[in-house]
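In terms of my numbering, the sequence shown opens at residue 11 and continues consecutively.
This report concerns only the one structure given below.
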Amino acid sequence: MATANRNLSEYNKDLIPNGADFKIGIVVSEWNDKITLNLLSGAKQALLDNGVKENNIIVQFVPGTFELPLGCQFMCENTDVDGIVAIGVVIQGETKHFDFVCDGATKGIMDVNLKYNTPVSFCVLTDNNEQQSIDRSGGKHGNKGIECAIACLKMVHLKHTI
């Protein structure tokens, strides 16, 4: 397990580019909002802690994780964001619905990255149960929102420096 004995919130601030000149979008699933709002909080705080101005963080909500790719696409087409953090949660249930939502969201988010040449950080938890999601959204494994916001800043910086 990738997160075993690892805190997703830990990073070396000296290695993170200053985001003062970046505009970052965050697209958040409303489904499982107890978890996605924690991820949003972590992502937003990480952006602020690394220089992104509050007015340069644009947050939009979509109904569920499956709608994240289209929400990110709308953001790419209608704003001037440098990067996006896509936040969602899919928890395994009794049917194959989990597989279809995970596959669709993953492929869709990757497609937006490539189609719009814009970093879209994949902050989608795909867990077996709610406790695993809680553990990764501010619980014992830290907050995946922080990790994904940092990844977004690094990719925006890379794009600007190449």
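Think of the CB as a built atom: it goes at the ideal place given N, C-alpha and C, for glycine as much as any other residue.
This one's a predicted model, so the numbers in the text were calculated from it and none came from an experiment.
Short Cβ contact (8 Å threshold) for residue i with residue j
i: F110; j: Q102; result: no
i: V95; j: I156; result: no
i: K133; j: L49; result: Just to set this straight, residue 133 is Cys in the shown sequence, not Lys. The answer is yes: Cβ separation under 8 Å.
i: V130; j: N138; result: no
Whole-number beta carbon distance between residue j and residue i, since they are thought to touch under 8 Å
i: F76; j: V38; result: Incorrect: roughly 14 Å between the Cβ atoms, too far for contact.
i: G81; j: L57; result: The Cβ separation is near 18 Å, so there is no contact.
i: I45; j: S147; result: 5 Å
Helix, strand or coil at residue i according to DSSP, with G and I counted as helix
i: A96; result: strand
i: V134; result: strand
i: Q102; result: coil
Close Cβ partners of residue i (< 8 Å) along its chain, the five nearest in sequence each way excluded
i: N59; result: A small correction: the amino acid at residue 59 is Asp; Asn does not occupy that position in the sequence shown. So the qualifying residues of the chain are K23.
i: D121; result: P79
Per DSSP, the bridge partner or partners of residue i
i: I156; result: None, per the DSSP bridge assignment.
Cβ neighbours of residue i in the same chain (closer than 7 Å, five flanking residues each side left out)
i: A53; result: I36, V95, I97, C133, G155, I156, C158, A159
Contact set for residue i: own chain, Cβ-Cβ below 6 Å, skip 5 residues either direction
i: T136; result: V100, C112
i: S19; result: G152, N153, I156
i: V69; result: I36
Proximity test, Cβ basis, 8 Å: residue i and chain D
i: V166; result: Of the protein chains in the structure, only one exists, and it is not chain D.
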